[in-house]
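All remarks here apply to the structure that follows.
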Amino acid sequence: NTDSTNMRLRLPLLCIILEVILIILFGTLVEYNDDTHAKLWNENRTDSATRNDHENEFYYRYPSFQDVHVMIFVGFGFLMTFLQRYGFSSVGFNFLIAAFSLQWATLMQGFFHGLHHGKIHVGVTSMINADFCTGSVLISFGAVLGKTSPVQLLVMAIFEVTLFAVNEFILLSILGVNDAGGSMTIHTFGAYFGLMVTRVLYRPNLDKSKHRNSSVYHSDLFAMIGTIYLWMFWPSFNSAITNYGDPQHRTAMNTYYSLAACTLATFAFSALVNPEGKLDMVHIQNAALAGGVAVGTAGEMMLTAFGSMIVGFLAGTISVLGYKYLTPVLESKLKIQDTCGIHNLHGMPGVLGAVVGAVTAALASPDVYGHGLQRVFADVETGKWNPQSRGGFQAISLAVTLGMALFGGLITGFILKLPIYGAPPDTHCFEDGLYWEVKTFQYHFYTLTASFSERGWLDTEGTKAL
Amino acid sequence: NTDSTNMRLRLPLLCIILEVILIILFGTLVEYNDDTHAKLWNENRTDSATRNDHENEFYYRYPSFQDVHVMIFVGFGFLMTFLQRYGFSSVGFNFLIAAFSLQWATLMQGFFHGLHHGKIHVGVTSMINADFCTGSVLISFGAVLGKTSPVQLLVMAIFEVTLFAVNEFILLSILGVNDAGGSMTIHTFGAYFGLMVTRVLYRPNLDKSKHRNSSVYHSDLFAMIGTIYLWMFWPSFNSAITNYGDPQHRTAMNTYYSLAACTLATFAFSALVNPEGKLDMVHIQNAALAGGVAVGTAGEMMLTAFGSMIVGFLAGTISVLGYKYLTPVLESKLKIQDTCGIHNLHGMPGVLGAVVGAVTAALASPDVYGHGLQRVFADVETGKWNPQSRGGFQAISLAVTLGMALFGGLITGFILKLPIYGAPPDTHCFEDGLYWEVKTFQYHFYTLTASFSERGWLDTEGTKAL
Amino acid sequence: NTDSTNMRLRLPLLCIILEVILIILFGTLVEYNDDTHAKLWNENRTDSATRNDHENEFYYRYPSFQDVHVMIFVGFGFLMTFLQRYGFSSVGFNFLIAAFSLQWATLMQGFFHGLHHGKIHVGVTSMINADFCTGSVLISFGAVLGKTSPVQLLVMAIFEVTLFAVNEFILLSILGVNDAGGSMTIHTFGAYFGLMVTRVLYRPNLDKSKHRNSSVYHSDLFAMIGTIYLWMFWPSFNSAITNYGDPQHRTAMNTYYSLAACTLATFAFSALVNPEGKLDMVHIQNAALAGGVAVGTAGEMMLTAFGSMIVGFLAGTISVLGYKYLTPVLESKLKIQDTCGIHNLHGMPGVLGAVVGAVTAALASPDVYGHGLQRVFADVETGKWNPQSRGGFQAISLAVTLGMALFGGLITGFILKLPIYGAPPDTHCFEDGLYWEVKTFQYHFYTLTASFSERGWLDTEGTKAL
């Protein structure tokens, strides 16, 4: 079976062609923006005596960018290492498709909403936006984890990044809505796109690999590295591209409180749904993060710490309940095989976040926001602002996003179904050895001890073995 | 025995009740501060043309906050994963009690020293302070690690956070002393509180779990993730809430030098106290951090790089010697079972830090500090400043902290002794399986290889097995 | 054999003597700089009403410093944990020699190019520079990994730091060249120094330890922690000490694009050079980082995103090809045993970076840079600037660096060859047990499963064991 999954020509060819195309497009379309260009930045300085280096956007955005970067590469990468024999692929393919997506996203986002005289201007804000778009692809990766070849994943990224940019353009530029932390553009879009892709790629015989579709002790600890980094830096994620000053500050704090409340809900419901009251690492690793997703839209508004905590608590609750009761149903009834449970971490909390955003926007008033109103809601300045219509546009955006994601995922799913990408056979899903040099005995000790255990050579406590 | 430790009702009930109380109190008491409030921040902007967004405290404090946040969740969490079968609980319970404590601390610290017209004002500084208080609880957690249920830990956190806030109020607001990095308020308090709790919870039959009270190869590597992050970000910890400008800059640098010197002392004494000259991971993981603790008070003063290095070297030395010679005596003579050796990492170095702070304060003079004096010592502005009395107040603060910690730990210990929290039996301490879903065979290979080794099936080199 | 490698006296003695010397030298030579000194910072404030705390270099440099710090301690430390039985030493010795080197580097760099009236002034910039110099030592450590005692490593650090400071002085102060990210001063110097040291320390019988000179499944995952952190924070590394404003911003962005392109090249060529098209963790862990090395000199110039991507792509390509085809030749023909393959990650990409820097400097013009020219090329202000000669000086600097590194490595190698440092015997290289307390059975399960596998007790899939 190694022939059908051999990557020797397919992967190098695709990577090299893609990178050559990227280099050509960057060479013809991309330019430094005012804050990164030696001439432009220093010209402006001369013009106006009050402009100083500390006003360069680098100092307002770069620390947040690095936190987001950690979430993309360490957070998502290690979160998915929970599978016992898929650690190399989880971190490695995450690395590959993220490195591609951030370049492609720079072009697509620039093309749709960043052209200046026909050129795409880049700087730290475009870097953050590219990382955000990449996050959406990595969410979808979670749904198909273990069941796809790296070539398939790159092809998925090409389409998903493009559609992400279109959807983002509709929401932010046409409808003019708020979604700084991406409850809709990133989480809802990435989740439903990925769920539709995995639906189309449904494998009726995935059972043949089920002994590998679970964690072992140390792989769960590696996954916790991903979880904790995502959790800690989520305040930076949601606040990375809000306006300077109070909006950035407030967003970070609202997210912090939402996540704290979410964590308590996660532990509570994880113990409650287990007959022996035992906690489940799957819940802790994932549901505790739902609070960050759910304040992705409203975080920059005057949601208050109190409101953030309520939203976070709800998000954690629905996420745990989703893992316990909904995921099995999605698989058995709707044929959606969602390896990481992205519906529970990004799907439902993303929709919750969109609704909370719509309601919070509809409740906004000059009394509460003062002169800060126009710094949160862009259309205040144009004079068209009206809280009810603002809330309405937020709600419409959710519908648009769901439509785009499901439709895009459907098309992309069928493209990925072509038998040319070297996808793993049903018997070899969730297995690093297919695409990586692995000294096979290295993970056999799990099997070995399992066999011994079944034979009674090890007691259940493991303390009086043999 | 699973009945007595079943968390199905206890843990959810406690988590949900606590979070509901927190939400209600936040709803009635907590408000955005000037820097996070849309109206207030932008009103001030209009009043004064010179105020700019870059003056928002977010840009001075948030990068430090994120470093502190990493120390709390990754640093403390992974440092405690050294136990072979307690990794889920170490990271997981750390996560739970930290998420609770930071919310509760915001209320308690706000109540004692942050009320504005009856309201608690929150922003990035309150977030750092809440994380600091949480750090104190996690220090105490280290003493009782492996011997407590999550319910017990939450109850401990309720009391410890409250007493922490009282002690901090006495030191900072009444006595007006300096303790930016918390040698006293965080480390000394957390350590002696935890030591007293574990003394009250003394288990004469803990031997029954001793085979699990040790590390294995990979668990020690996970623990090093915690150590290294604590070590790297300690300069941010000590400088996070000092005044802007030179104090913040100087504190970070002093801490950097103290830690570097401490590391050399740790390696030196770890090899020296071992008959074969072999290094002990316990020392490297813990004692190398004592240098950060020991400049927690004096770091913001003109301690000089040279002085910082002497303090760091001393701290590393006493910490290693403590692990080697004092911890066994504390256990056998004083019945203090200190799982992580917090007395060596936080207790003694904290006291050292308090003394160094008192001496450095007593030596301060306008000659050395110039106009910077009032930016380090708050009472210069009130005219009451006098270096000797300042040093004296610092010393008194240490005594107050020790008293508060020991008394608070005593009371809390007795409360935790009630047989209602589902504490683990003596035979099942240091064991994840009690509170977590664990596929039991997963950590059996350690036992298996140990058994084989004892039977001579594996030689001591491990290279010619079987 | 434990006698000859016993560290009980050697290591403590060396550590304590070194630290005492450091403390004495710091006490006599080192002073706070203007931005860290309570008196000096606040004096200047009074003199000029426009100077504000936010102008303290702390706020421009400290976030970058922390990212660099993470690269030094987590990045390098964990990258080297890939060996199956050398994780304690990789992280631990990395920790020790880094903690020493940063102190020693502060003195050496200060002595050669930072004296003010006979005193060394320290602040966040000196901290970054000291970390940079430490990076160079850790690169060399990669070449001799597993074959040296901690005492040897400290002795190597003493000499390497000193020569690094001399070379840096020649390049930056005498020749006045640009090398903000250290393609030459850090990577080329560290690599060729280390390669020469390992050449002199050549072990003809290293085969006796070859069964330990490889990775296992989980050690490769630990190593990926190092890789990913190095990759993410490299933009901060290259931009940490450039001028404020556009140069810092531009450097970070150029590095980001170079690394992204490098990652695609790495995956492409890793699959291409393997007969079965399987990816090799050694390539992913190392070659994907070469893009950061290769824009270390030119990153601050107007290289453009497009140029950065070409450089990154080339760097990844030569790095993978080096691992596959050059490393075996270096070992068999030139007797250079390069454990981590530093020639492929730092050597060749460093030279490439120097050449790219020379070319980019030679192409610089006022048309492109405007008033920003003098902020990148220091000699513009002195009026001596001329793009061709600038390019020429850059090229000369590469030659100087190679000469200094090879000569320094040769001398240091012979000093390290003296039989007094407790180096490991050929039979016990790549083995933690020599210098660390290790419960030996802990890593035996690898051997155990290997034995079982050889006997056919485990099939190659590991799914139907026994």
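Top line first, the protein sequences correspond to chains D, B and U.
Read left to right, the first sequence gives residues 1 to 466 (the UniProt record's numbering).
Read left to right, the second sequence gives residues 1 to 466 (the UniProt record's numbering).
Read left to right, the third sequence gives residues 1 to 466 (the UniProt record's numbering).
All residues carry an ideal CB built from backbone N, CA and C; glycine is no exception.
Quick caveat, the model's predicted, so the values are computed rather than measured.
Could you compute how far the alpha carbon of Leu321/B sits from the alpha carbon of His343/B? Straight-line Cα distance between these residues: approximately 11 Å.
Would you check if the distance between the CB atom of Val273/D and the CB atom of Gly190/D is smaller than 9 Å? In this structure, Gly190/D does not lie closer than 9 Å to Val273/D by Cβ.
From what residue to what residue does the alpha helix (DSSP H) around Ile23/B run? Ile23/B -> alpha helix (DSSP H) spans 10-29.
Going along chain C, which residues have a C-beta under 7 Å from Asp35/B? Of the protein chains in this structure, namely D, B and U, none is chain C.
According to a CB-to-CB cut-off of less than 7 Å, which residues of the stretch 80-101 of chain B neighbour chain D? Of all residues in the stretch 80-101 of chain B, the ones placed with a Cβ closer than 7 Å to any Cβ belonging to chain D are Thr81, Gly87, Phe88, Val91, Gly92, Phe95, Leu96, Ala99, Phe100, in chain order.
Going straight from the alpha carbon of Tyr202/D to that of Trp234/D, what length do you get? Rounded to whole angstroms, Tyr202/D to Trp234/D spans 32 Å at the Cα level.
Indicate whether at least one CB of chain B lies closer than 9 Å to the CB of Arg203/U. No, no contact with chain B.
Anything in chain B within Cβ reach of Gly347/U, meaning under 7 Å, just list it in chain order. Within chain B, no residue comes near Gly347/U; the closest Cβ sits about 27 Å away, beyond 7 Å.
Is the stretch 324-331 of chain B in contact with the stretch 379-393 of chain B, if contact means three or more CB pairs nearer than 8 Å? Counting Cβ pairs under 8 Å, fewer than three are found: no touch.
Residues of chain D with CB under 8 Å from Leu230/U, in chain order? Result: empty, since nearest Cβ-Cβ is about 11 Å, beyond 8 Å.
Helix, strand or coil: how does DSSP classify Asp3/D here? Assigned with DSSP and collapsed to three states, Asp3/D falls in helix.
Would the beta-carbon of Phe26/B fall within 9 Å of that of Tyr257/D? Yes. Within cutoff.
Whose C-beta lies closer than 7 Å to the C-beta of Leu11/B among residues of the same chain, with five residues either side of it excluded? Only Pro150, Val151 meet the Cβ criterion.
With burial defined as no fewer than 16 other Cβ atoms inside 10 Å of the residue's Cβ, what is the status of Asp131/B: buried or exposed? So Asp131/B counts as buried.
Keeping to the same chain, check which residues put their C-beta closer than 7 Å to that of Phe78/U; ignore five residues upstream and five downstream. Cβ neighbours of Phe78/U beyond the five flanking positions: Val91, Phe222, Ala223, Ile225, Gly226.
Given this structure, state the Cα-to-Cα distance separating Ala294/D from Ala354/D, to the nearest angstrom. Near 8 Å, if we compare the C-alpha coordinates of Ala354/D and Ala294/D.
C-alpha gap between Ile158/U and Ser101/U, whole angstroms: Cα to Cα, the separation comes out at about 7 Å.
Val273/U: first and last residue of the uninterrupted beta strand (DSSP E) it sits in: Val273/U -> no beta strand (DSSP E), and no H or E assigned at all.
Does the Cβ of Pro247/D have 16 or more other Cβ atoms within 10 Å, making it buried, or fewer, making it exposed? Buried, because 16 or more other Cβ atoms sit within 10 Å of the Cβ of Pro247/D.
Give the residues of chain B in contact with Ala294/D, contact being defined as C-beta atoms less than 7 Å apart. Simply none; closest approach about 15 Å.
Please list the partners that Phe269/D has in chain B, where partner means a Cβ-to-Cβ separation under 8 Å. Those within 8 Å of Phe269/D in chain B are Pro12.
For Ala260/B, count neighbouring Cβ atoms within 10 angstroms of its own Cβ and tell me buried if that reaches 16, exposed if not. Ala260/B comes out buried.
Inspect the CB distances between the stretch 405-423 of chain D and the stretch 279-286 of chain D and report whether three or more fall short of 8 Å. No contact exists between the stretch 405-423 of chain D and the stretch 279-286 of chain D.
Could you run through the stretch 373-389 of chain D and flag, in chain order, every residue whose CB is less than 8 Å away from some CB of chain B? So the close ones are Leu373, Arg375, Val376.
Report the residue from Phe93/U, Glu276/U, Thr317/U, Gly350/U whose alpha carbon sits nearest the alpha carbon of Asp3/D. Comparing C-alpha distances from Asp3/D to each of Phe93/U, Glu276/U, Thr317/U, Gly350/U shows the shortest one belongs to Glu276/U.
Can you confirm whether Tyr325/U, when its beta carbon is compared against all beta carbons of chain D, has any partner nearer than 9 Å? No, its Cβ sits nowhere closer than 9 Å to a Cβ of chain D.
Within chain B, the residues that Glu276/D reaches when beta carbons sit closer than 9 Å: Result: Thr2, Asn6, Met7, Arg8, Glu437.
Can we say the stretch 70-87 of chain D touches the stretch 389-406 of chain U, given the rule of at least three CB pairs closer than 8 Å? No, the stretch 70-87 of chain D does not touch the stretch 389-406 of chain U.
Around the Cβ of Gln372/B, are there at least 16 other Cβ atoms within 10 angstroms (buried) or fewer (exposed)? Here the sequence assigns Gly to residue 372/B, which means Gln is not the residue at that position. Flag for Gly372/B reads buried.
Nearest to Ile318/B (by Cα), restricted to the options Leu171/B, Phe76/B, Gly291/B, Phe193/B: Closest by alpha carbon: Gly291/B.
Closer than 7 Å by C-beta to Ser140/D: which residues in its own chain qualify, once you throw out the five before and the five after it? Chain order, please. Take Ser140/D, set aside five residues on each side of it, and the residues of its chain with a beta-carbon closer than 7 Å to its own are Met156, Glu160, Gly190, Phe193, Gly194, Val197, in chain order.
Residue environment, Pro204/U, which counts as buried when at least 16 other CB atoms sit within 10 Å: Pro204/U comes out exposed.
What are the boundary residues of the alpha helix (DSSP H) that His428/U is part of? Segment: none, His428/U is in no alpha helix (DSSP H) and carries neither H nor E.
Around the Cβ of Ser365/D, are there at least 16 other Cβ atoms within 10 angstroms (buried) or fewer (exposed)? Per the 10 Å Cβ criterion, exposed.
Tell me which residues of the stretch 116-132 of chain D have at least one Cβ-Cβ distance to chain U shorter than 8 Å, keeping chain order. Listed in sequence order: Val122, Gly123, Val124, Met127.
Just checking my contact of Thr339/U with Ala143/U at CB under 8 Å: how many whole Å lie between their CB atoms? Rounded to whole angstroms, the Cβ separation of Thr339/U and Ala143/U is 6 Å, and the two are in contact under 8 Å.
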